[in-house]
Structure formats: structure tokens, C-alpha cells
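Same order as they appear, the protein sequences are chains A and B.
Counting in this note's numbering, the first sequence runs from 3 upward without gaps.
Counting in this note's numbering, the second sequence runs from 5 upward without gaps.
Cβ atoms here follow ideal geometry from the backbone N, Cα and C, with glycine treated the same way.
Below is one structure; the comments refer to it alone.
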Amino acid sequence: MIDLRRIYLDHAATTPVDREVLLEMLPYFTRFYGNASSLHSDGGVAHEALEKAREKVAEVINAEPDEIIFTSGGTESDNLAIKGIAYKNKDKIKGKGPHIITSSIEHPAVLETCKFLEKEGFKVKYLPVDRDGIVKLDILEKSITKNTFLISIMAANNEIGTIQPVEEIGKIAKDYDIIFHTDAVQTIGKMPMDVKKINVDMLSISGHKIYAPKGVGALYVKRGVTLQPILNGGGHERKLRSGTENIPGIVGLGKACELAKKRMSKDIQHIKNLRDKLIKGILENIEKSYLNGHPEKRLINNAHFRFTAIEGESLIMDLDEKGIAASTGSACSSKKLQPSHVLLAIGLTPVEAHGSLRLTLGRKNTKNEIDYVIETLPKVVNRLREISPLWKK
Amino acid sequence: MSAGMYSEKVIEHFRNPRNMGEIKDADGVGTVGNPICGDQMTIYIKVKNDRIVDIKFKTFGCAAAIATSSMITELAKGKTLEEAMKITRKDVADELDGLPPIKMHCSNLAADALHAAIKDYWEKQKKRKKSGK
Ligand SMILES: Cc1ncc(COP(=O)(O)O)c(C=O)c1O
């Protein structure tokens, strides 16, 4: 039998803070608590830590330190990138419908920001994706108008894990001289991200998806790209993000980026092996089970299934009792009572979307845990199918 | 929804649903909900002398939908049809020590399914009388 430890398979939602990250952070709460803007030496220590972290974050994406702006997380980074560039461009193309291109499967941090800008007079094109969740590049290119100033497309999707062809998108953006932003919140540490190779102008990072704490993140802003700040105040972070810097959080983010870089090849091998075993085990052991998202172009830690005739929330509740933490795109688990927009965008029917299950792995998961999931999940699916009027053998 | 949002009773009925299954020769069958919205339930009843002598359910849906289905079968079993018609959605939720507000509408269809099953039984009775059986 498995011990009482929880099997955490929801790393796309959040990750635990790594011990090394925590230890690095701790002195900055009680010992080195200075304000990085202060002139005295206590401020100097904080300032030094801030700049050291900036270097580490820059390194993981091959950027320059002065291109990193610290924020409160992925949501703020996305908002700053999109609103910041939008407000800069509003006057330039006034009255002509300044135009943004994004995808229909973005995280709400991007989607809702774009919807907000639509109310302010911007035009937005939400690109469709294919059945695997890949943005259609021909439609992207056809959607470009002379008023298009921004393309914002995520590096990899948080639900189905599909990886987008960001290098090709970067090339298109460059050819048409359009700013390219990518939400890389889910990809850092899981695949190499090189801002120079991708040709990206802005890139969002979130701490809590990469073993740093919640509430800290960063935005890469390429030299030469100017933004209008969305937070006004004391002019921190090159005037782009006012507010006394969250030094412990930023130190944690820096350490997490350092570890992400150092451990990437080991992480990829370990996690991908387990993930492949999990996918194979589930598809083999559960009839009428399917994989959502692209079979190969997917994040190394993402397994996303759908099971005919059952509903995801009850599946999550049952797995929870068995000690397994997972997630679903079913409407019944969301506050809006709508099935996931991502699952609908890849062409699933609402009923199919309700039967979805996302399992996202992390560094600490073990082979034993995956074996237990492969053994337990079929039982749980069978129990719910027995209760379901939609299940017909 | 998280496990902590549900009462212990909801969780208990979800994990150990009572009277789950079908009645092949049911006297009345009621189906409500829509799988597109994530919930569908069917209630089967056997009736003798205007009393529900057996009742079973099948449900596609969230933990609340399954728990309310289970609870309604317990509430209705042995009751007269008149009594069973008076069971409300609120009664079901109260018996389960409450439901999260967001679940009160969408997943609390069990009383409707029961009433539909009883009406189905009455319809069938009427037809039977007409055809003189
Ligand atoms: C792709 C993506 N973008 C943005 C966010 C938001 O990040 P944060 O929670 O740090 O605001 C998330 C996490 O939920 C995400 O997965």
C-alpha cells in the first residue's frame, strides 16, 4: 500500500517552493530586510540581491539583466506587456483600430486583458488552433494588418501542454515589424527558452510554476522596446513597475531560475520518462480514454486525458480521496460553470470537455507514485462510469 | 470546487451512493439535466398502492449531483407518491447539511428527477386506464 503522503500531480497549477530556494530567501525576511532604494548599506545589500537575481533570471532565457522587470507574477507580467505596449501605440494609430493578434487558447491573464482593451477601442484577433492546440500560422499571417502592433501567443498551453511554434511566430513578427510577446509561464525549466533565438520582444515568467513562491514573476522586455507602466509610483524597475521590490520573492525567483537552468536536462529526462509511462499506462488500462493536446509537441510534464461518460469534478474528488491531486477542465469545477475555453477551442464537445483530466508532474514525483496512479485511476473511472447513465459498454 | 467546500455528508453520499443502478421494469422513469451542462440524472421507481417501494438512480455529473441523487432515493423510499411530490430541492440540500451556493442550481436536480419519475408513472397509469388494462 501507498503511504499517506499525497501524490501531487498538479504542477501546472503551482509547485512547492524548492528547499534550496527557501533557504536562499530566508535571510531576506529578517536579516537583510533593507529597501533596495535606500542609500544606507542595508539598502545596498538588498539592492545587490535584487541585481544578482536579475542576472539569474536573465540567464535562464539568454537575456541581458537590464531586460528583466520584476513583477508580482505571470498575470501582472502579461498585463504589463500587453497594456504597456497597447497604450504606447494607441495614439500612433489613433482612430484606425490598433490591432492585436493573440490565440483563442491563451491563459485568462492574456485573454481578459485583450477583451478589456477591446472595450477601449482596440481590435483583437483570436486565432483558432488545430485539434492538437497548435496555432494556425497561415491564419496568423493573413490576419496581420497595417495596424497590427502586437502578437501575443503563449509558448506552451497550461491546460493541454501543447507547445507553440514560437520561433516561426517570432520570424513572422520580425518580418512584419510587429512586437511579439509570449507567455512562457509554463515552459521555463521544461525546455530551453532563448529570447534571441525566438526573436521575442517580451516574455512572461511566473515564480510559483518553477519552485519559487507565489506572487513574484518577471517580464523580459527587449532593449529598445518601450512600454507605458500600468503601476505609477516611485519609478522602480526602470520606471516600468513602481513599488518597493519584493526582495525575498525576487531572490527566490532568481534561485529558482538558476536551478531550472542547472537541472533542466536531468528534469526533462526524469519527468518525461514518468509522464510517458503514465500516458501509456492510462491509455492501455482504461477503455475509451484519449489524450488531449499534441502527442509530441507537448510540455514534458503534461498528461491530459478525457474519459467518455464521466464528469471531471467527481473524478477529481475521487482521486483526492485516494491521495492524488489533479485538475480538470470541466465546467463543474470552474466558477463560471463553463467548460474550459481551451478544450472547446481544440474542437471537443462540451460533454467531452467535462470528462477531462489534467495530470502535471514535477521534480519530486517518483515511479512508485506513477504506478499507483496507473493502478488507481482505472478503478475510479470505472466506479463513476457505473454510476453514469451515459456509459454504455 | 474543492473537497473542503462540501459537507461531510455530501462527500459520504458521493463516495457511497445509496440505491445506485437501474430498475429494468420500472413503473416510472424521470430524466433531467443535460450532459452539455455537465449534469444528467435518471430516477427509476417501483410503485405499489401509491407508495414508492423501490427507487434507483444513475447520474452523470459532479460530486454534488451524485450525492443529491443518492439522498433523494433515501428520502423518497417508502413514501407515498403524494408525500414524495412534496420533497423539494431545498429538502435535499438541507438533508446533506447544505450545498455550496454555486451548486444549488446546477447540481441540485434530484428532486426534479424524482417528480418527473412520479409524473411518468401517473401518465402511464392514465394510458393504461384508457386502454382498459
Ligand atoms: C500560462 C499562464 N499564464 C499566466 C499565469 C498566471 O500566473 P500567476 O499565477 O503568477 O499570476 C498562469 C498560471 O496560472 C499560466 O499558467
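How big is the Cα-Cα spacing for residue i and residue j?
| i | j | result |
| --- | --- | --- |
| glutamate 247/A | isoleucine 87/A | 23 Å |
| phenylalanine 124/A | tyrosine 89/A | 10 Å |
| aspartate 185/A | glutamate 16/B | 41 Å |
| alanine 460/A | lysine 144/A | For chain A, the structure presents residues 3 to 395; residue 460/A sits outside this window and is missing. |
| leucine 83/A | methionine 204/A | A quick correction: the sequence has alanine, not leucine, at residue 83/A. So the alpha carbons of these two residues sit roughly 7 Å apart. |
| leucine 361/A | serine 329/A | 7 Å |
| tryptophan 126/B | glutamine 44/B | 22 Å |
| threonine 104/A | histidine 296/A | 20 Å |
| glutamate 1/A | leucine 386/A | Chain A is shown only over 3 to 395; residue 1/A falls outside these bounds and no answer can be derived. |
| histidine 183/A | alanine 220/A | 13 Å |
| alanine 121/B | alanine 67/B | 22 Å |
| glutamate 66/A | glycine 254/A | 19 Å |
| isoleucine 4/A | threonine 368/A | Because isoleucine 4/A sits at a pLDDT of 45, beneath the cut-off of 50, its placement in the model cannot be relied upon, and the following sentence gives the value as read from the coordinates. Looking at the two C-alpha atoms, the distance is approximately 12 Å. |
| glutamate 239/A | aspartate 12/A | 32 Å |
| tryptophan 393/A | valine 96/B | 26 Å |
| methionine 9/B | lysine 148/A | 50 Å |
| leucine 257/A | alanine 71/B | Before going further, note that residue 257/A is lysine rather than leucine in the sequence given. In a straight line, the C-alpha of lysine 257/A is about 46 Å away from that of alanine 71/B. |
| arginine 56/A | asparagine 384/A | 50 Å |
| tyrosine 401/A | isoleucine 372/A | Not covered by the structure: residue 401/A. The range shown for chain A is 3 to 395. |
| threonine 169/A | leucine 152/A | The amino acid at residue 169/A is misidentified as threonine; the sequence shows glutamate. The alpha-carbon atoms of glutamate 169/A and leucine 152/A are separated by roughly 16 Å. |
| serine 11/B | leucine 103/B | 7 Å |
| alanine 117/B | glycine 314/A | 22 Å |
| methionine 193/A | alanine 262/A | 10 Å |
| threonine 150/A | glutamine 230/A | 18 Å |
| methionine 5/B | glutamate 99/B | Low confidence applies to methionine 5/B: its pLDDT is 49, below 50, so where it sits in the model is not reliable, and the reading given next is rough at best. Those two C-alpha atoms are separated by around 20 Å. |
| glycine 163/A | arginine 132/B | 57 Å |
| serine 282/A | glutamate 298/A | Here the sequence assigns lysine to residue 282/A, which means serine is not the residue at that position. Answer to the nearest angstrom: the Cα atoms are 13 Å apart. |
| alanine 214/A | asparagine 23/B | 48 Å |
| glutamate 26/A | lysine 211/A | 18 Å |
| alanine 355/A | leucine 113/B | 21 Å |
Bridge partners for residue i per DSSP, in chain order?
| i | result |
| --- | --- |
| tyrosine 222/A | Ile70/A, Leu205/A |
| valine 2/B | What is shown of chain B runs 5 to 137, which leaves residue 2/B out entirely. |
| lysine 13/B | DSSP, once it has assigned bridges, lists no residue as partnering lysine 13/B. |
| lysine 50/B | Asp58/B |
| aspartate 185/A | Ser206/A |
| valine 131/A | Val137/A |
| lysine 125/A | His101/A |
| isoleucine 9/A | Ile326/A |
| asparagine 304/A | Thr362/A |
| phenylalanine 31/A | DSSP, once it has assigned bridges, lists no residue as partnering phenylalanine 31/A. |
| tyrosine 292/A | Arg308/A |
| leucine 152/A | Ile102/A, Ile181/A |
| phenylalanine 64/B | Gln44/B |
| methionine 195/B | As displayed, chain B neither begins before 5 nor continues past 137, which places residue 195/B out of reach and without an answer. |
| threonine 77/A | Threonine 77/A pairs with nothing; no bridge assigned. |
| isoleucine 165/A | Ala158/A |
| methionine 24/B | Phe61/B |
| threonine 84/B | Arg55/B |
Between residue i and residue j, how many whole angstroms is the CB-CB distance? I'm expecting something under 8 Å.
| i | j | result |
| --- | --- | --- |
| isoleucine 376/A | isoleucine 284/A | 6 Å |
| alanine 111/A | aspartate 80/A | 4 Å |
| arginine 277/A | isoleucine 318/A | At roughly 19 Å, the Cβ-Cβ gap does not stay under 8 Å, so arginine 277/A and isoleucine 318/A are not in contact. |
| phenylalanine 34/A | alanine 14/A | Rounded, the Cβ-Cβ distance is 33 Å, inconsistent with contact. |
| serine 111/B | alanine 69/B | 4 Å |
| serine 73/B | phenylalanine 64/B | Going by Cβ atoms, the distance from serine 73/B to phenylalanine 64/B rounds to 10 Å, so no, they are not a contact pair. |
| leucine 129/A | serine 106/A | 6 Å |
So which residues on chain A does residue i lean against when the C-beta distance must stay under 7 Å?
| i | result |
| --- | --- |
| lysine 52/B | Within 7 Å Cβ-Cβ: nothing; lysine 52/B doesn't reach chain A, min ~25 Å. |
| isoleucine 70/B | Ser316, Ile389 |
Give the interface partners of residue i over in chain A, defined as CB-CB distance under 8 Å, in chain order.
| i | result |
| --- | --- |
| proline 21/B | Ile389 |
| methionine 24/B | Glu388, Ile389 |
Which chain B residues are close to residue i, counting only those with a beta carbon under 9 Å from its beta carbon?
| i | result |
| --- | --- |
| leucine 392/A | Pro39, Gln44, Lys62, Phe64 |
In chain B, which residues lie less than 8 Å from residue i when you measure between Cβ atoms?
| i | result |
| --- | --- |
| alanine 311/A | Phe64 |
| serine 332/A | Gly42, Cys66 |
| glutamate 26/A | Within 8 Å Cβ-Cβ: nothing; glutamate 26/A doesn't reach chain B, min ~31 Å. |
| histidine 356/A | Pro39, Gly42 |
| serine 206/A | Residues of chain B passing the Cβ test: none, with the nearest at roughly 27 Å. |
Say yes only if the C-beta of residue i is nearer than 6 Å to one or more non-hydrogen atoms of ligand 3, and no if none qualify.
| i | result |
| --- | --- |
| threonine 77/A | What this structure holds is ligand 1, not ligand 3. |
List the residues of chain B whose Cβ lies closer than 7 Å to the Cβ of residue i, in chain order.
| i | result |
| --- | --- |
| proline 352/A | Ile40 |
| glutamate 323/A | Arg19 |
Under 9 Å between beta-carbons, which chain A residues line up against residue i? List them in chain order, please.
| i | result |
| --- | --- |
| isoleucine 47/B | Near isoleucine 47/B there are no residues of chain A at all, since even the closest Cβ is about 10 Å away, more than 9 Å. |
Under 8 Å, with one C-beta from each stretch per pair, do the region 8-24 of chain B and the region 295-312 of chain A reach the 3-pair mark? Because the criterion of three Cβ pairs below 8 Å is not met, the region 8-24 of chain B and the region 295-312 of chain A do not touch.
Does the contact criterion of 3 or more C-beta pairs under 8 Å hold for the region 158-166 of chain A versus the region 188-205 of chain A? Counting Cβ pairs under 8 Å, three or more are found: they touch.
Any 3 or more C-beta pairs closer than 8 Å across the region 42-58 of chain B and the region 71-86 of chain B: Yes: the two stretches touch, three or more of their Cβ pairs being nearer than 8 Å.
So does the region 370-384 of chain A actually touch the region 26-45 of chain B, counting three or more Cβ pairs closer than 8 Å? Contact between the region 370-384 of chain A and the region 26-45 of chain B is absent, because fewer than three Cβ pairs lie under 8 Å.
Do the region 15-35 of chain B and the region 338-354 of chain A make contact, defined as three or more Cβ pairs closer than 8 Å? With the cut-off at 8 Å, the region 15-35 of chain B and the region 338-354 of chain A do not touch.
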